[in-house]
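Visitor: As given, the protein sequences belong to chains A and B, one line each in that order. In this text, residue positions in the first sequence follow our numbering: the first is 183, and each later residue adds one. In this text, residue positions in the second sequence follow our numbering: the first is 183, and each later residue adds one. Glycine included, every Cβ here is placed at the ideal spot set by N, Cα and C. Computed from a predicted model, the values in this text were never measured in an experiment. Before anything else, here's the structure in question.
2 protein chains.
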Amino acid sequence: MDIAAELLAGSRLALSRAITAVENEYDEATAIMQQLYPHTGQAYVIGVTGPPGAGKSTLTDKLVKVYRRQGKTVGIIAVDPTSPFSGGAILGDRIRMNELTLDEGVFIRSMGTRGSLGGLSRKTADVVKIMDAAGKDVIFVETVGVGQSEVDIVKAADTTVVVLVPGLGDDIQAIKAGILEIGDVFAINKADREGAERLKAELNMMLDLDQAKSAWRPSIRQTVANAGQGIEELVATIDEHAAFLGTSGELVRRRTARARNELIALIEEQISHRILKDIAASGQLDALAAALAERREDPYAIVKRLLAAYLR
Amino acid sequence: MDIAAELLAGSRLALSRAITAVENEYDEATAIMQQLYPHTGQAYVIGVTGPPGAGKSTLTDKLVKVYRRQGKTVGIIAVDPTSPFSGGAILGDRIRMNELTLDEGVFIRSMGTRGSLGGLSRKTADVVKIMDAAGKDVIFVETVGVGQSEVDIVKAADTTVVVLVPGLGDDIQAIKAGILEIGDVFAINKADREGAERLKAELNMMLDLDQAKSAWRPSIRQTVANAGQGIEELVATIDEHAAFLGTSGELVRRRTARARNELIALIEEQISHRILKDIAASGQLDALAAALAERREDPYAIVKRLLAAYLR
Chain A
183 MDIAAELLAG
193 SRLALSRAIT
203 AVENEYDEAT
213 AIMQQLYPHT
223 GQAYVIGVTG
233 PPGAGKSTLT
243 DKLVKVYRRQ
253 GKTVGIIAVD
263 PTSPFSGGAI
273 LGDRIRMNEL
283 TLDEGVFIRS
293 MGTRGSLGGL
303 SRKTADVVKI
313 MDAAGKDVIF
323 VETVGVGQSE
333 VDIVKAADTT
343 VVVLVPGLGD
353 DIQAIKAGIL
363 EIGDVFAINK
373 ADREGAERLK
383 AELNMMLDLD
393 QAKSAWRPSI
403 RQTVANAGQG
413 IEELVATIDE
423 HAAFLGTSGE
433 LVRRRTARAR
443 NELIALIEEQ
453 ISHRILKDIA
463 ASGQLDALAA
473 ALAERREDPY
483 AIVKRLLAAY
493 LR
Chain B
183 MDIAAELLAG
193 SRLALSRAIT
203 AVENEYDEAT
213 AIMQQLYPHT
223 GQAYVIGVTG
233 PPGAGKSTLT
243 DKLVKVYRRQ
253 GKTVGIIAVD
263 PTSPFSGGAI
273 LGDRIRMNEL
283 TLDEGVFIRS
293 MGTRGSLGGL
303 SRKTADVVKI
313 MDAAGKDVIF
323 VETVGVGQSE
333 VDIVKAADTT
343 VVVLVPGLGD
353 DIQAIKAGIL
363 EIGDVFAINK
373 ADREGAERLK
383 AELNMMLDLD
393 QAKSAWRPSI
403 RQTVANAGQG
413 IEELVATIDE
423 HAAFLGTSGE
433 LVRRRTARAR
443 NELIALIEEQ
453 ISHRILKDIA
463 ASGQLDALAA
473 ALAERREDPY
483 AIVKRLLAAY
493 LR
């Protein structure tokens with residue numbers, strides 16, 4: 183069975199299997215990605231991030247419905263980097279309750295770290311490409327929190343929506359600072375709560391102070407996702423940003439930079455994988471680790487020897 | 183000037199400079215680390231992690247004072263992976279107000295990502311080694327939050343203290359699940375607040391359910407850090423865990439596993455660095471990125487070519 187060919191022919195099952203292959207690092211994953219790659223680059227990718235409790239899932243669902251009404255097909259990737267074992271399950275609960283799962287035009291997948299640390303942002307980028315090749319018009323990448331892992335994950339997006347909420351308390355400054363630079367559009371959700379105007383004013387001030395100004399000044403929209411308020415306006419703002427990226431040449435620049443970073447990550451992964459497999463297979467790795475733990479060797483001398491042995 | 187030699191002779195300035203060299207990836211960093219490596223492995227490393235607002239800094243300060251009263255010298259590394267630009271500053275504020283900075287037996291350093299994503303956990307591990315070589319008896323690695331980055335960072339620790347606090351709300355389940363497996367000792371701080379007993383009961387239940395049981399059953403202590411309550415008991419529990427690691431052979435096992443992982447990370451970094459430098463210098467990288475963005479090539483074919491060209 184050729185998963186990539188079936189996926190390109192429209193099979194939902196093949197789409198699901200391709201994602202599983204990437205997620206679990208099956209041997210066929212590389213071949214699948216290689217076949218799909220020429221068919222990618224068509225979808226528009228929207229990142230949704232923000233602190234826990236900001237209502238990101240509800241907001242994403244409402245945004246998805248707007249795009250569905252426009253006749254667009256949608257992929258949703260819900261990523262939870264916080265928990266190696268229960269991440270999938272937590273997001274799974276959300277998904278089981280989600281009416282979107284009944285819509286054939288929507289494909290939802292949740293991803294966690296599944297015990298293998300690191301690599302989640304690269305896997306997410308691959309899953310974006312798989313959904314892209316499968317013909318989804320718009321792909322949402324939604325994270326559960328804010329942190330460095332989330333920042334890396336939303337790098338796969340063309341437009342990043344940062345969802346904030348009034349009344350988060352003391353840590354808001356730290357949160358805001360870290361995600362200011364990745365937000366193209368800010369949604370102040372639960373805007374019927376006290377403090378929404380103050381948060382907007384603070385955010386505007388921080389955006390004005392931001393040193394790394396680009397031609398796009400991030401927009402702020404207020405929403406009440408569970409009441410459906412402000413959703414159309416938020417979509418309009420996302421579309422504005424998409425139009426800006428297109429006309430300014432920024433989309434090509436961003437996607438080229440992304441391709442560059444993904445290539446670097448792949449080079450690092452594949453080369454290290456090849457060399458480490460060889461070293462581990464020969465039993466050298468354990469012997470070297472023991473020598474290091476006992477301070478009989480230092481890691482820099484070891485790596486120098488290995489470089490000389492493996493590189494041309 | 184030989185930074186490593188001066189550091190080993192007791193210079194605080196050299197200690198500070200060695201850390202800066204590692205943090206900013208100066209060329210001399212590798213030579214310094216190589217000279218210091220044989221002098222490491224003496225310090226006991228304690229990781230302190232937990233959600234924002236749990237009182238980790240206050241708790242760390244109180245723990246440090248106990249060790250100081252025992253005549254031990256202490257290093258503190260405060261790591262903030264959440265913010266590329268303001269992390270250092272936020273921790274800096276904390277540190278400027280800290281009376282520990284007046285104690286010659288304590289060395290405090292804060293670290294952020296400083297714009298370079300990734301690598302923070304490896305740099306933290308190097309800073310631990312630098313303080314270790316400088317003769318600190320106990321080294322604290324304190325993070326600002328909980329997330330995958332923090333989990334990676336506290337891997338440098340022999341004993342990991344997870345600080346929790348009553349009344350964190352809905353997200354506690356997610357937080358707990360992710361850090362359950364890394365906690366050797368749990369501190370329920372602000373234990374004079376409502377809900378401390380319930381949190382302890384919940385935590386005990388989760389620990390009992392934990393599948394990956396080891397010979398050490400994590401202990402739970404209640405503390406009120408800013409009132410100095412429960413601190414001596416917490417230190418006693420950390421010491422108990424340290425004794426367990428020693429007598430069970432687990433310390434050697436953990437440190438060997440850590441040496442193995444650090445060696446793998448160093449191999450990946452150095453080999454990729456060497457190859458990428460070469461590719462970037464030749465202008466190939468930009469040309470390849472452009473070809474990828476336009477789908478004229480696929481990344482897997484490129485990497486295969488590069489592997490053939492660079493590896494023996």
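1. Our contact map puts threonine 212 of chain B next to isoleucine 259 of chain B with C-beta atoms below 8 Å; I'd like the distance itself, whole angstroms only.
2. Could you tell me whether the stretch 421 to 439 of chain A touches the stretch 457 to 466 of chain B, using the rule of 3 or more Cβ pairs below 8 Å?
3. Name, please, each residue of chain B whose Cβ falls closer than 9 Å to the Cβ of glutamine 216 of chain A.
4. Could you list which residues in chain B have their beta carbon closer than 8 Å to that of serine 454 of chain A, in chain order?
5. Who pairs with alanine 260 of chain B in a beta bridge, going by DSSP?
6. Got a sec: is the Cβ-Cβ distance from glycine 232 of chain B to anything in chain A below 9 Å?
7. Note down, in chain order, every chain A residue with its Cβ under 7 Å from the Cβ of alanine 472 of chain B.
8. Could you tell me which uninterrupted alpha helix (DSSP H) segments, each at least 4 residues in length, are contained entirely in the stretch 207 to 251 of chain B, listed from first to last along the chain?
9. Using 8 Å for Cβ pairs, my map puts glycine 237 of chain B next to asparagine 371 of chain B. What's the rounded Cβ distance?
10. CA-CA distance, isoleucine 185 of chain A and tyrosine 219 of chain B?
11. For arginine 403 of chain A, list the residues DSSP reports as bridge partners.
12. Might you give, ordered along the chain, the residues of its own chain that have their beta carbon closer than 6 Å to the beta carbon of isoleucine 272 of chain B, omitting 5 neighbours on each side?
13. Of all the residues that make up the stretch 301 to 314 of chain A, which are near chain B by a beta-carbon distance shorter than 7 Å?
14. So what's valine 434 of chain A in DSSP terms, helix, strand or just coil?
15. Considering leucine 197 of chain B, what are the terminal residues of the alpha helix (DSSP H) in which it resides?
16. Once the 5 residues before and after alanine 196 of chain A are set aside, which same chain residues still bring their CB inside 6 Å of it?
17. Where does threonine 341 of chain B sit, in a helix, a strand or coil, going by DSSP?
18. Residues in its own chain within less than 6 Å of serine 303 of chain A by CB, not counting five upstream and five downstream?
19. Can you tell me where the alpha helix (DSSP H) with lysine 318 of chain A in it begins and where it stops?
20. Taking isoleucine 457 of chain B as the reference, which of B:Tyr492, B:Arg478 and B:Thr429 has the closest Cα?
21. Between A:Thr419, A:Thr255 and A:Gly232, which lies nearest to alanine 262 of chain A when the distance is taken from Cα to Cα?
22. Hey, valine 406 of chain B and alanine 383 of chain B are a contact pair by Cβ (cut 8 Å); roughly how many whole angstroms apart?
23. What's the C-alpha gap between leucine 284 of chain A and aspartate 319 of chain A?
24. Would you report the Cα separation of proline 400 of chain A and arginine 399 of chain B, rounded to the nearest angstrom?
25. So valine 347 of chain A is in the alpha helix (DSSP H); what residue range does that whole segment cover?
26. Between proline 481 of chain A and glutamate 210 of chain B, is the Cβ-Cβ spacing less than 9 Å?
27. Check the Cβ of glycine 223 of chain B against every Cβ in chain A and list those closer than 9 Å, keeping chain order.
28. Where does threonine 429 of chain A land, buried or exposed, given buried means 16+ other C-beta within 10 angstroms?
29. Could you confirm whether any beta carbon from chain B is found closer than 9 Å to the beta carbon of alanine 463 of chain A?
30. Cβ of threonine 242 of chain A less than 9 Å from any chain B Cβ?
31. Does chain A have any CB closer than 9 Å to the CB of leucine 219 of chain B?
32. So is leucine 391 of chain B buried or exposed if we call it buried at 16+ other beta carbons inside 10 Å?
33. Report the option in B:Ser454, B:Arg403 and B:Ala447 whose CA atom is closest to the CA atom of leucine 448 of chain A.
34. State the Cα-Cα distance for the pair glutamate 379 of chain B and isoleucine 402 of chain B, rounded to the nearest angstrom.
Guide: On the basis of the coordinates in this document:
1. Taking the second sequence and counting its residues from 1, the one referred to as residue 212 of chain B is at position 30. Taking the second sequence and counting its residues from 1, the one referred to as residue 259 of chain B is at position 77. Not a contact, Cβ separation roughly 20 Å.
2. no
3. As a first step, residue 216 of chain A is located in the first sequence; it is residue number 34 there, counting from the start. What glutamine 216 of chain A touches in chain B: Asp480, Pro481, Tyr482 and Ala483.
4. Position 272 of the first sequence, counted from the start, is the residue given in the question as residue 454 of chain A. The answer, in chain order, is Ile446, Ile449, Glu450, Ile453 and Ser454.
5. Working through the second sequence from its first residue, we reach residue 260 of chain B at position 78. Alanine 260 of chain B pairs with B:Ser292 and B:Glu324.
6. What you label residue 232 of chain B is simply residue 50 of the second sequence in a count that begins at 1. Chain A, which has no Cβ nearer than 9 Å to the Cβ of glycine 232 of chain B, makes this no.
7. Indexing the second sequence from 1 puts residue 472 of chain B at position 290. Per Cβ cutoff of 7 Å: Thr438.
8. 211 to 218 and 238 to 251
9. Numbered from 1 along the second sequence, position 55 holds the residue referred to as residue 237 of chain B. Numbered from 1 along the second sequence, position 189 holds the residue referred to as residue 371 of chain B. About 5 Å separates the two Cβ atoms, so the contact holds.
10. For the purposes of this step, residue 185 of chain A is taken as the residue at position 3 of the first sequence. For the purposes of this step, residue 219 of chain B is taken as the residue at position 37 of the second sequence. Distance between the alpha carbons of isoleucine 185 of chain A and tyrosine 219 of chain B is about 49 Å.
11. The residue labelled residue 403 of chain A in the question sits at position 221 within the first sequence. Paired residue(s): A:Ala369.
12. The residue you call residue 272 of chain B lines up with position 90 of the second sequence. In this predicted model, isoleucine 272 of chain B has a pLDDT of only 48, less than 50, meaning its place in the structure is not dependable enough to derive any value.
13. none
14. Here the question's residue 434 of chain A lines up with position 252 in the first sequence. Of the three classes helix, strand and coil, the one that applies to valine 434 of chain A here is helix, per DSSP.
15. Locating residue 197 of chain B in the second sequence gives position 15, counting from the first residue. Leucine 197 of chain B -> alpha helix (DSSP H) spans 194 to 205.
16. Taking the first sequence and counting its residues from 1, one reaches residue 196 of chain A at position 14. Cβ within range, chain order: Ile185, Glu188 and Leu189.
17. Start at 1 with the first residue of the second sequence, and residue 341 of chain B comes out as number 159. DSSP places threonine 341 of chain B in strand when its eight states are reduced to three.
18. Residue numbering aside, residue 303 of chain A sits at position 121 when the first sequence is read from its first letter. The answer, listed in chain order, is Asp334 and Ile335.
19. Looking up residue 318 of chain A in the first sequence gives position 136. Neither: lysine 318 of chain A is in no alpha helix (DSSP H) and is coded neither H nor E.
20. Position 275 of the second sequence, counting from 1, holds the residue named residue 457 of chain B. Comparing Cα positions, the closest option is B:Tyr492.
21. For the purposes of this step, residue 262 of chain A is taken as the residue at position 80 of the first sequence. One detail in the question is off: residue 262 of chain A reads as aspartate in this sequence, not alanine. With distances taken between Cα atoms, aspartate 262 of chain A lies closest to A:Gly232.
22. The residue labelled residue 406 of chain B in the question sits at position 224 within the second sequence. The residue labelled residue 383 of chain B in the question sits at position 201 within the second sequence. 19 Å between Cβ atoms; not a contact.
23. Translated into positions along the first sequence, residue 284 of chain A becomes position 102. Translated into positions along the first sequence, residue 319 of chain A becomes position 137. Roughly 18 Å separates the two Cα atoms.
24. Position 218 of the first sequence, counting from 1, holds the residue named residue 400 of chain A. Position 217 of the second sequence, counting from 1, holds the residue named residue 399 of chain B. Spanning the two alpha carbons is a distance of roughly 49 Å.
25. Position 165 of the first sequence holds residue 347 of chain A. Careful: valine 347 of chain A lies outside any alpha helix (DSSP H) and carries neither H nor E.
26. Within the first sequence, the letter at position 299 stands for residue 481 of chain A. Within the second sequence, the letter at position 28 stands for residue 210 of chain B. In this structure, glutamate 210 of chain B does not lie closer than 9 Å to proline 481 of chain A by Cβ.
27. Along the second sequence, one-based indexing puts residue 223 of chain B at 41. The contacting residues are Ala475, Glu476 and Arg477.
28. Reading the first sequence from its first residue, position 247 is the one you call residue 429 of chain A. Burial call: exposed.
29. Position 281 of the first sequence, counted from the first residue, corresponds to residue 463 of chain A. Not one chain B Cβ lies under 9 Å of alanine 463 of chain A.
30. Here residue 242 of chain A corresponds to residue number 60 of the first sequence, with the count starting at 1. Cβ-Cβ to chain B under 9 Å: no for threonine 242 of chain A.
31. Taking the first residue of the second sequence as position 1, residue 219 of chain B is located at position 37. The sequence as given places tyrosine at residue 219 of chain B; leucine does not occur at that position. So yes, tyrosine 219 of chain B belongs to the interface.
32. Residue mapping note: residue 391 of chain B aligns to position 209 of the second sequence, counting from 1. When all chains shown are included, leucine 391 of chain B counts as exposed.
33. Within the first sequence, the letter at position 266 stands for residue 448 of chain A. Considering only alpha carbons, the answer is B:Ser454.
34. By one-based count along the second sequence, residue 379 of chain B stands at place 197. By one-based count along the second sequence, residue 402 of chain B stands at place 220. Roughly 11 Å between the two C-alpha positions.
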